[in-house]
Amino acid sequence: MRKVDLVIVGGGCAGLSGAISAFDEGIKDILILERNSELGGILNQCIHNGFGLGEFKEELTGPEFAYRFVKEVEKRHIPYLCNTYVSEITKDKIVRYSNEEGYFELQAKAILFAAGCFERSAGSIALPGDRPSGVISAGVAQLLLNRYGYMPGKKVFILGSGDIGLIMARRLTLEGAEVLGVAELCAWSNGLNRNIVQCLEDFDIPLYLSTTVTRVFGKDRLEAIELSSVDASLNPIPGSQKRIECDTLVLSVGLIPNNSLLEKAGALRGSSRGALVNDLYETTIPGIFSAGNVLHVHDL
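Residue 209 in this note's numbering is what sits at position 202 of the sequence shown, and the numbering runs on without skipping anything.
Below, the structure is given as structure tokens:
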């Protein structure tokens with residue numbers, strides 16, 4: 008079995024930053040494993056600006072920010088494998104992964120787990136009604152539009168006021184879609200104030216607080232949604248239903264740390280649903296560390 012000093016699971020900015028820091032501290036035997044076709048993680052599809060102010064003291068887009076780290080990794084000749092899926096991590100720091108070359112096992116002295124987060128789906132929130140096309144997550148809408156140039160719809164409604172939902176409200180508007188509004192279950196928005204102002208108020212997109220989608224309608228393609236106000240217990244208020252005609256419902260209903268591999272290995276979970284870590288970001292399994300959105304979800 009091949010032995011590696013440091014295996015990094017995830018080639019987003021947390022993983023790349025960890026690789027750079029480890030290399031500069033003298034750890035030269037490093038391998039980065041990334042499931043996507045290129046390094047950079049989720050930031051490759053975040054083409055809005057606002058990144059880099061803390062790290063580089065200048066405003067960058069997501070891809071520009073990610074490229075700064077990719078360039079530093081390549082300058083140090085740190086090896087990485089893309090299109091590589093990690094299927095298991097053990098408490099003994101064995102990493103099992105597969106790609107087009109086959110199935111492999113590594114014995115690591117240390118592991119940095121930086122596998123990011125995933126979006127809650129329509130099924131996970133028990134969205135009532137039909138299951139037509141046109142109901143997609145905000146991240147998928149962002150990927151389709153920003154990376155592949157596909158408009159997900161023309162008349163769009165957004166459920167959830169998280170940052171990615173607010174950013175997509177603006178992005179879809181700029182690309183010509185009619186964004187009919189954003190509904191938020193809570194009595195307050197979950198997004199940053201700057202995103203509420205820049206993405207909704209500047210474009211006169213209404214924000215419906217204490218409101219949720221209680222039904223979707225459509226056979227092949229989404230035709231309409233039903234909005235309902237909710238009470239203090241977040242239960243729909245009878246008689247408050249309102250039907251809105253639209254062809255696309257974008258879900259921005261939460262991001263969850265992609266922590267299942269560490270939990271299967273026996274690492275304890277922290278309050279953020281990521282791993283429980285100490286001041287050195289070491290999990291309850293000695294030699295396995297966690298960082299980035301897999302530890303706790305960061306603002307966009």
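Note that beta-carbon positions come from the ideal geometry of N, C-alpha and C, so glycine has one too.
Suppose the cutoff is 7 Å on Cβ atoms and the five residues either side in sequence are ignored; what does the same chain contact list for residue i look like?
i	result
G136	R222, V223, F224
I263	C124, F125, R127, R280
Between the beta-carbon of residue i and the beta-carbon of residue j, is there less than 8 Å?
i	j	result
S217	A194	yes
L268	E95	yes
L173	I203	yes
G317	K98	Residue 317 lies beyond the range of the chain shown here (8 to 307); nothing can be said about it.
V80	I27	yes
What is the DSSP secondary structure of residue i, counted as helix, strand or coil?
i	result
K162	strand
N56	strand
R103	strand
F224	strand
G25	helix
E95	strand
F30	helix
G109	strand
Using 10 angstroms around the beta-carbon of residue i, count the other beta-carbons present and answer buried if the total reaches 16, otherwise exposed.
i	result
P245	exposed
A115	buried
V237	buried
Y110	exposed
P293	exposed
M175	buried
S144	buried
Y87	buried
K100	buried
N335	Any property of residue 335 remains undetermined from this structure, which presents the chain solely from 8 to 307.
G299	buried
S24	buried
Can you check DSSP and say which residues form a bridge with residue i?
i	result
A190	L166, Y215
T68	N56
K271	BP columns for K271 are empty, so no partner.
A115	V11
G136	V223
P264	C124
I295	I118
Enumerate in chain order the residues of its own chain whose CB-to-CB distance from residue i is below 6 Å, with the five nearest sequence positions on each side excluded.
i	result
E191	S168, L216
A122	V16, G17, N265, V301
F296	L119, Y288, E289
T68	I54, N56
Quick one: what's got a C-beta closer than 8 Å to residue i's C-beta in the same chain, skipping five residues either side?
i	result
Y157	L151
T91	L40, E41, R42, Y104, S105, N106
F210	A176, R177, T180, V186
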